[in-house]
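Remarks on the structure that follows.
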Amino acid sequence: MENLFKIDRILVVILINLLVIRVGYSQTSFVVHKVIGEPYLQVNDSIKSLTRGSLIDKSSVLVMNRDDVVHYINDEGELYRLLETGSFSYEDLQNIPASQNNPSFLKELISYSWKEFTNTIAVRNKKSGVVYRGEELIAKLNPVDSAFIAGSEIRFTWEPKENKEKDYYFILRDVSKGTITTIGTPSTGLTLMVDENLLMFGNKYEWAIAETRIPPDDFPFSSFEIGSKEEIKNSMQKIKQIYSLLSKNGYSREEIRNIACQEFKICY
Amino acid sequence: MKNKTKLLLRDAFFSTILSSIIVLLLVLVFFNLRWFNPIHKAFYDFSFLDVFYSEKFLEPDKINTDIVLVNAGKDREQIVELLDKIIEAEPKVIGVDIIFKDKKKDVYVDSVLAALLKKDNIIASYEIDKKSIIPNHPYFGNSKSGFVNFNFDSTTVVREFQGYIKMDGMERASFGVQVSKNYLEDKWNDFDYDRKLRRLQAVKYSGKYDSFLYLEYDDFNAYKKKKILKDKIVILGYLGSPTGSEFDIEDKSFTPLNKYSVGKSVPDMFGTTLHANIINMLIKNNFMVTISNTWLVIITFLCMYLSTLFYMKINRKYKISFRTRKRTFQFFISLFVIFLSFWLFKLNVVLKPTIIIVGIILAGSYFKYYKHLTRYLKSKTNKKWKTYLK
Numbered sequence: 000m001e002n003l004f005k006i007d008r009i010l011v012v013i014l015i016n017l018l019v020i021r022v023g024y025s026q027t028s029f030v031v032h033k034v035i036g037e038p039y040l041q042v043n044d045s046i047k048s049l050t051r052g053s054l055i056d057k058s059s060v061l062v063m064n065r066d067d068v069v070h071y072i073n074d075e076g077e078l079y080r081l082l083e084t085g086s087f088s089y090e091d092l093q094n095i096p097a098s099q100n101n102p103s104f105l106k107e108l109i110s111y112s113w114k115e116f117t118n119t120i121a122v123r124n125k126k127s128g129v130v131y132r133g134e135e136l137i138a139k140l141n142p143v144d145s146a147f148i149a150g151s152e153i154r155f156t157w158e159p160k161e162n163k164e165k166d167y168y169f170i171l172r173d174v175s176k177g178t179i180t181t182i183g184t185p186s187t188g189l190t191l192m193v194d195e196n197l198l199m200f201g202n203k204y205e206w207a208i209a210e211t212r213i214p215p216d217d218f219p220f221s222s223f224e225i226g227s228k229e230e231i232k233n234s235m236q237k238i239k240q241i242y243s244l245l246s247k248n249g250y251s252r253e254e255i256r257n258i259a260c261q262e263f264k265i266c267y
Numbered sequence: 000m001k002n003k004t005k006l007l008l009r010d011a012f013f014s015t016i017l018s019s020i021i022v023l024l025l026v027l028v029f030f031n032l033r034w035f036n037p038i039h040k041a042f043y044d045f046s047f048l049d050v051f052y053s054e055k056f057l058e059p060d061k062i063n064t065d066i067v068l069v070n071a072g073k074d075r076e077q078i079v080e081l082l083d084k085i086i087e088a089e090p091k092v093i094g095v096d097i098i099f100k101d102k103k104k105d106v107y108v109d110s111v112l113a114a115l116l117k118k119d120n121i122i123a124s125y126e127i128d129k130k131s132i133i134p135n136h137p138y139f140g141n142s143k144s145g146f147v148n149f150n151f152d153s154t155t156v157v158r159e160f161q162g163y164i165k166m167d168g169m170e171r172a173s174f175g176v177q178v179s180k181n182y183l184e185d186k187w188n189d190f191d192y193d194r195k196l197r198r199l200q201a202v203k204y205s206g207k208y209d210s211f212l213y214l215e216y217d218d219f220n221a222y223k224k225k226k227i228l229k230d231k232i233v234i235l236g237y238l239g240s241p242t243g244s245e246f247d248i249e250d251k252s253f254t255p256l257n258k259y260s261v262g263k264s265v266p267d268m269f270g271t272t273l274h275a276n277i278i279n280m281l282i283k284n285n286f287m288v289t290i291s292n293t294w295l296v297i298i299t300f301l302c303m304y305l306s307t308l309f310y311m312k313i314n315r316k317y318k319i320s321f322r323t324r325k326r327t328f329q330f331f332i333s334l335f336v337i338f339l340s341f342w343l344f345k346l347n348v349v350l351k352p353t354i355i356i357v358g359i360i361l362a363g364s365y366f367k368y369y370k371h372l373t374r375y376l377k378s379k380t381n382k383k384w385k386t387y388l389k
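Chains A and B, in that order, give the protein sequences.
Residues in the first sequence are numbered from 0 upward in steps of one, following numbering that gives the first Met the number 0.
Residues in the second sequence are numbered from 0 upward in steps of one, following numbering that gives the first Met the number 0.
So, in structure tokens, the structure goes:
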């Protein structure tokens, strides 16, 4: 019986040691390897810019805007790629699977040989004598990217372009259905109603302003989400807080509405 | 063993020797007539194994965390500022892959640079140009340094590197060797590198600049230490403007990672990244084993002999379909040899497949000469020369 206790004690000691070693060697931070766009880190109440070599630790929250991309690595050098929009805690980042480049050497080899025999590799050698000058983008003013719409009407506005004679094309993409609506207009604004037809409560959309009816595939869109009636009701509390805070500081109703949309991304 | 089999083995052996002599003569002609030979120029410096890297058969999933590359840019003031911040972050070794050949008019910047370069953990660089050395200006002191040349042979593509070189009776160490030696400290002797690196060693590439952690001027915050540099190897050098630019070819070399294995292309890798690849293989003791030329000749002879056995056998058995069978065999055996060499390369063994493939293909054409030779000998000497070939 005494021996049994001894064995138990030894096991407990081993387990504690293993736990200590595990904690000692566990991952404590990620290192940023590449940054595209302007993502940033929220550490407690402060905001820090994200650059190559920045550390993302347990006290940080990574905030990603639309079109932002962050590559980060762990202690082992495993690479993670984040392309989504939103806020990500350290635990969220840990749950993203590390990227793997080569599932099978043989597969790569056979695929290369096939491309060689079918001469598809030659395609990449095509060269043309030209430089690309992309379309000058029209700056979108309202609603901001990744906005939450807490109302039944949305006012889209964008910056005017000098010497513009032809129409602007407002392009609306329904994310869930994948449908696209294009509206031509000579003005720099458009108001749409949430009529449960073109725009519906509780749905996600993307929008863009282009100078051609069919813009290229990589044309930048901004996103917005129209809250469901329940979500809008809940967001009213937050809007009230913003309103009372800013009105005390002398902001007008219209200014507060603008700040809530631009800074807090709640448009009403 | 049957008499017929004995004859086949003997004939194949003699035929292989004859083919080998012809191949040798052809190779000699090929190399000596290079001024007039466009084929030689097209295939000069070509290696099948480059495809392994250029087609990214084994792109590493992991980023190297022991080495951090810092793009120095072109401005000396910026270099000084970067070096100061790097030293502040306490890395274990700092390799400065920049030669400050002359002093500048700005005395203040140069004096700060000279003071920084005297730090114990800094490895400076110099270049060996023919028989002379191009070092830093003497004003910048005599810190530890290494030569930045990769190798001294005539090849343009950097596949191998030289760790040590004897010059004017003095043994000099390369930049990569100096950095790794200072990083590994006592471990250096455990790996027996001083003996190993006197021979040319194949470079085990881990990737381009973005396979390492890399930073540029804008990534350094004015008031904060860069924590990630602590106890690491930092290499300060030129990585293009902007970093990694394909169109900036200053201090770039051709490597097997170039997406064009043959034909005209631009150099693809900055010297700093190449040093990082070499240092990475040294600190991880991740070497490639190169099959020596003697073994390559033996393997080629054996492959030629076995192929000749096959050619002779099908030549006797299939008079009409012989050529079709021969070509099919040559196609598949060439593929097999290339695949095998890629597989071995993956296992860190360098087996150059070109000469083996050339040998196998030419053996299929030249055994006919052996056939004619035996007929000629028969008719001229009136001796009964038994042969397997009809």
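We put the CB at the ideal spot given by N, CA and C, even for glycine.
For clarity, every value in this text was computed on a predicted model and none was experimentally measured.
> Along chain B, in chain order, which residues have C-beta atoms closer than 9 angstroms to that of A:Y204?
Replying inline: Near A:Y204 there are no residues of chain B at all, since even the closest Cβ is about 35 angstroms away, more than 9 angstroms.
>> Residues in the same chain with beta-carbon distance under 7 angstroms from A:S98, minus the five sequence neighbours each way, listed in chain order, please.
In response: For A:S98, the CB contacts under 7 angstroms within the same chain, skipping 5 residues up- and downstream, are L78, Y79, R80 in chain order.
> Opposite A:H70 in the DSSP bridges: which residues?
Replying inline: Note: A:H70 sits in a beta bridge opposite A:K33, A:R80.
> The alpha helix (DSSP H) spanning A:L105 covers which residue range?
Replying inline: Taken as a continuous stretch (DSSP letters only), the alpha helix (DSSP H) holding A:L105 covers 104 to 116.
> Roughly how many angstroms lie between the CA atoms of B:G175 and B:I127, to the nearest whole one?
Replying inline: Distance from the CA of B:G175 to the CA of B:I127, rounded to the nearest whole angstrom, comes to 15 angstroms.
> Should A:I72 be flagged as near chain B, meaning a C-beta pair shorter than 9 angstroms?
Replying inline: A:I72 counts as touching chain B.
> Going by DSSP, which residues form a beta bridge with B:Q200?
Replying inline: When DSSP reads this structure, B:Q200 sits in a beta bridge with B:F160.
> Taking all protein chains shown into account, do 16 or more other C-beta atoms lie within 10 angstroms of the C-beta of A:D166, making it buried, or fewer, making it exposed?
Replying inline: Exposed is the call here.
> In angstroms, rounded to a whole number, what distance separates the CA positions of A:V174 and A:E210?
Replying inline: If I take the Cα positions, the gap works out to 22 angstroms.
>> Using a Cβ-Cβ cutoff of less than 6 angstroms, which residues in the same chain neighbour B:L48 once the five nearest sequence positions on both sides are dropped?
In response: Excluding its 5 nearest sequence neighbours in each direction, B:L48 has C-beta neighbours in its own chain below 6 angstroms: F344, listed in chain order.
>> Can you tell me which residues form a DSSP beta bridge with B:M268?
In response: Partner(s): B:S252.
> If we cut at 9 angstroms on Cβ distances, does B:E87 have a partner in chain A?
Replying inline: Not closer than 9 angstroms to any Cβ of chain A, the Cβ of B:E87 fails to qualify, so no.
> For A:G177, does the three-state DSSP call read helix, strand or coil?
Replying inline: It is coil, neither helix nor strand.
> Given a threshold of 16 other Cβ atoms within 10 Å of its Cβ, counted over all protein chains shown, does B:N292 qualify as buried or as exposed?
Replying inline: Its Cβ having fewer than 16 others within 10 Å, B:N292 is exposed.
> Do you know whose CA, among B:G243, B:I332, B:V111, lies nearest B:V79's CA?
Replying inline: Looking only at B:G243, B:I332, B:V111, the smallest Cα-Cα distance to B:V79 is reached by B:V111.
>> I'd like to know if A:L40 contacts chain B, where contact means its C-beta is closer than 9 angstroms to some C-beta of that chain.
In response: With a threshold of 9 angstroms between beta carbons, A:L40 makes no contact with chain B.
> So, are the CB atoms of A:S28 and A:L61 less than 9 angstroms apart?
Replying inline: Not closer than 9 angstroms, so no.
>> If distances are taken between C-alpha atoms only, which option among A:L140, A:M63, A:S151, A:E164 comes closest to A:N196?
In response: The residue among A:L140, A:M63, A:S151, A:E164 with its C-alpha nearest the C-alpha of A:N196 is A:S151.
> So which of B:I234, B:I277, B:Y237 has the shortest CA-CA distance to B:T254?
Replying inline: Considering only alpha carbons, the answer is B:I277.
> Just checking my contact of B:L212 with B:I359 at CB under 8 angstroms: how many whole Å lie between their CB atoms?
Replying inline: Contact doesn't hold; Cβ gap of about 45 angstroms is too wide.
>> Is there a Cβ of chain A sitting closer than 9 angstroms to that of B:Y317, yes or no?
In response: By this cut-off, B:Y317 is not an interface position.
> Going along the chain, which residues of the segment 48 to 67 of chain A sit with their C-beta nearer than 7 angstroms to a C-beta in chain B?
Replying inline: Within the segment 48 to 67 of chain A, those residues whose Cβ lies closer than 7 angstroms to any Cβ of chain B are, in chain order, T50, R51, G52, L54.
>> Count Cβ pairs between the segment 86 to 102 of chain B and the segment 304 to 315 of chain B that sit closer than 8 angstroms; are there 3 or more?
In response: Contact fails: fewer than three Cβ-Cβ distances are below 8 angstroms.
> If you measure from the beta carbon of B:F341 to each beta carbon in chain A, is any gap under 9 angstroms?
Replying inline: It does: the Cβ of B:F341 has a partner Cβ on chain A nearer than 9 angstroms.
> Using 8 angstroms as the Cβ pair cut-off and three pairs as the minimum, do the segment 196 to 205 of chain B and the segment 153 to 161 of chain B touch?
Replying inline: By the criterion of at least three beta-carbon pairs nearer than 8 angstroms, the segment 196 to 205 of chain B is in contact with the segment 153 to 161 of chain B.
>> Just to confirm, is the Cβ distance from A:L40 to A:Y71 under 9 angstroms?
In response: No, they are not a contact pair.
> Out of B:K379, B:Y387, B:A362, which has the shortest C-alpha to C-alpha gap to B:L17?
Replying inline: Of the listed residues, the one whose Cα sits closest to B:L17 is B:A362.
>> By the three-class DSSP mapping on this structure, what secondary structure does B:N347 have?
In response: B:N347 sits in coil when the DSSP states are folded into three classes, being neither helix nor strand.
>> Tell me which residue opens and which closes the beta strand (DSSP E) that A:E205 is part of.
In response: Looking at the DSSP string, the run of the beta strand (DSSP E) that includes A:E205 is 203 to 209.
> Of all the CB atoms in chain A, is at least one closer than 9 angstroms to the CB of B:Y204?
Replying inline: Interface flag for B:Y204 against chain A is unset, since no Cβ pair is found closer than 9 angstroms.
> Do you know how far the Cα of B:D101 is from the Cα of B:G236?
Replying inline: Across the structure, B:G236 and B:D101 are spaced so that their CA atoms are roughly 17 angstroms apart.
>> Counting only Cβ pairs nearer than 7 angstroms, list the residues of chain C close to A:L108.
In response: Here the protein chains are A and B, and chain C is not one of them.
> Which of helix, strand or coil does DSSP assign to A:Q261?
Replying inline: A:Q261: helix per DSSP, three-state reduction.
>> Mapping the DSSP letters down to three states, classify B:T64 as helix, strand or coil.
In response: Here B:T64 carries a strand assignment [DSSP, helix/strand/coil].
>> Could you check whether the segment 108 to 122 of chain B touches the segment 69 to 89 of chain B, counting it as contact only if at least three pairs of C-beta atoms, one from each stretch, sit closer than 8 angstroms?
In response: The segment 108 to 122 of chain B, when compared against the segment 69 to 89 of chain B, does touch it at the 8 angstroms Cβ threshold.
> Using the beta-carbon of each residue, which ones in chain A are nearer than 8 angstroms to B:D217?
Replying inline: The answer, in chain order, is T50.
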